[in-house]
Amino acid sequence: MSPAAAGPDGPARPPPAGSPREVFRAFLRLGLTSFGGPIAHLGYFRDELVVRRRWIDEAGYADLVALCQFLPGPASSQVGFALGLLRGGPLGALAAWAAFTLPSALLLVLFAYGATLFEGPAAAGLLHGLKLVAVAVVAQAVWGMARALTPDRSRAGIALLSVFIVGFLPGAAGQVGAIALGAAAGLWLCRRLPVKPVGELSFRVPKPVGAIALLAFAVLLVGLPVLAATFPVPELALVEAFYRAGVLVFGGGHVVLPLLEAAVVTPGWVSPDAFLAGYGAAQAVPGPLFSFAAYLGAAMGPAPSGLAGAALALVAIFLPGLLLVVGALPYWDAWRARPLAQAAMRGANAAVVGVLAAALYHPVWTSAVTAPADFALALTGFLLLTVWKAPPWTVVVAIAAASVLLALT
């Protein structure tokens, strides 16, 4: 059904239009308070924008969430962008993205600057603690995604095959190959699974606008690597690497970890220790996990770095997912009803479980767990997240503080 509620005397009417300023204020509040990752973000969005503000009805919101979970990219940010588009038009969409993203991005940029000033045992213990937080968080993500996305033998087999592919073919090539092979395997192994029923999602995005957005997505996907290879400009290389990472994120925001590790650690732009410390810090801030890109852009050794690198990385990693949302909205109802599309996505989602599981071992585990005490702290963080359901930011504080104490004793 339409995102607007039906009136008593006829079909549903569009919701009243809002202003970009209203959208910005609503999402700034969410960007400052939405801890807990993308699933929690969707709950915050529902409470604030569906229940309290009534920008969209429950059925329309559920359909929108289904769209953004089907597409690659940061699901919660894509939902927020679409809600801003619904309420305030194109400027409202940009206002929603900026207000939800910039608080966490600015905090992580400040951390990137401050991390270089830390010295001594306490600083080393803090950074090591953040790396142990990354172990716990990624292990939780693998556990939760495996239960949800690999519920049968076929999909568990696709995930296991992905681990082998990434293990024997490291870097971006192995990750892309694993996801592509997973989608192909899904067409074969998952085609007989029940087709999920779909509703309707009606947004006022003309089909020509959707086609332009999809064309822009494809042109950048193909053109950026060519430009980066033809013109060895550092800015182009950075944009291409982060855009590629944003294209390949299926199944959850944590999948960006191995993609970004291949993009910035393998070429030597960011050290492995700084990478994992920043990923751990990203768990302590509200807003989208993709804001981690701002930290990486600021912390890079070669130029561009600092604020310029943070801005380029942040825009580049979000851009493909947002273009896909605009491009998919006019065609979504027809696409997702097709059994083969659902089968391919089941296989791709199973493959990303394997990709993330491989990243849990290397670089996350091998870089962080070097002593029995490290294993004990990482296990404590994992149990706090999975058994006691502790908020991620409290786990960051607890594990980092324990690591500092161990470093000082």
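Numbering (my numbering), first residue to last: -13 to 395.
For glycine and all other residues, C-beta sits at the position ideal for the given N, C-alpha and C.
Please read all numbers here as calculations on a predicted model, not as lab measurements.
Own chain, CB closer than 6 Å to H114, minus 5 neighbours either side, in chain order:
S389
Return the CA-CA distance between Q55 and A386, expressed in angstroms with no decimal places.
32 Å
Should A85 and F21 be called a contact, given that it needs their Cβ atoms to be closer than 8 Å?
no
If I'm right that V402 touches L342 with Cβ under 8 Å, what's the distance once you round it to whole angstroms?
Residue 402 is absent from the model: the chain starts at -13 and stops at 395.
In chain order, which alpha helix (DSSP H) runs of at least 4 residues are fully inside the stretch 107 to 176?
139 to 154 and 158 to 175
Please state the DSSP three-state secondary structure of I303.
helix
Under 8 Å between the Cβ atoms of L201 and Y229?
no
Going by CA-CA distance only, name the one from T19, P24, V212 and A294 that's closest to V242.
P24
Out of M286, L146 and K182, which one is the CA nearest neighbour of G340?
L146
If I follow the unbroken alpha helix (DSSP H) through V233, where does it start and stop?
P220 to V233
Output the distance between the C-alpha atoms of T366 and A122, rounded to the nearest integer angstrom.
8 Å
Same chain, Cβ closer than 6 Å to S140, five either side skipped, listed in chain order
L175
First and last residue of the uninterrupted alpha helix (DSSP H) at Q64:
A61 to A101
Using the beta-carbon count (16 or more within 10 Å), is G287 buried or exposed?
exposed
Which same chain residues, not among the five before or five after H27, have their C-beta less than 6 Å away from its C-beta?
S20 and S62
On the three-state DSSP scale, how would you describe A323?
coil
Rounded to the nearest angstrom, what separates R(-1) and F189 at their Cα positions?
Residue confidence is low: R(-1) scores 46 on pLDDT, short of 50, so the model does not pin down where it sits. Its coordinate-derived value is still stated next. Spanning the two alpha carbons is a distance of roughly 12 Å.
To which residues of the same chain is G130 closer than 6 Å at the C-beta, ignoring the five residues directly before and after it?
none
Terminal residues of the alpha helix (DSSP H) in which T372 lies:
P358 to T372
R324, buried or exposed, once every other Cβ within 10 Å from all chains shown has been counted against 16:
exposed
Based on Cα-Cα distance, which residue from F67, P76 and A249 lies nearest to T87?
F67
Drop a sphere of 10 angstroms on the beta-carbon of R178, count the other beta-carbons inside from all chains shown, and report buried for 16 or more, exposed for fewer.
exposed
What does the alpha-carbon distance come out to for the pair P58 and L394?
43 Å
So within the stretch 191 to 218, which uninterrupted alpha helix (DSSP H) runs reach at least 4 residues, ignoring any that extend past its ends?
193 to 216
Determine the contact status of F236 and A359, defining contact as a CB-CB distance below 8 Å.
no
When DSSP labels each residue in this structure, what does S389 get in the three-state scheme?
helix
Coarse secondary structure for R332, derived from DSSP in three states
helix
Cβ atoms of G74 and G4: under 8 Å apart, would you say?
yes
Start-to-end residues for the alpha helix (DSSP H) that takes in A12
P6 to T19
Candidates E8, V36 and V149: closest to A345 by CA position:
V149
Straight-line Cα distance separating F304 from L298:
10 Å
Who are the near neighbours of G292 in its chain, counting only those whose CB is closer than 7 Å to its CB and skipping five residues on each side?
A284
Relative to the C-alpha of A159, which candidate in V51, A110, P244 and P180 has its C-alpha closest?
P244
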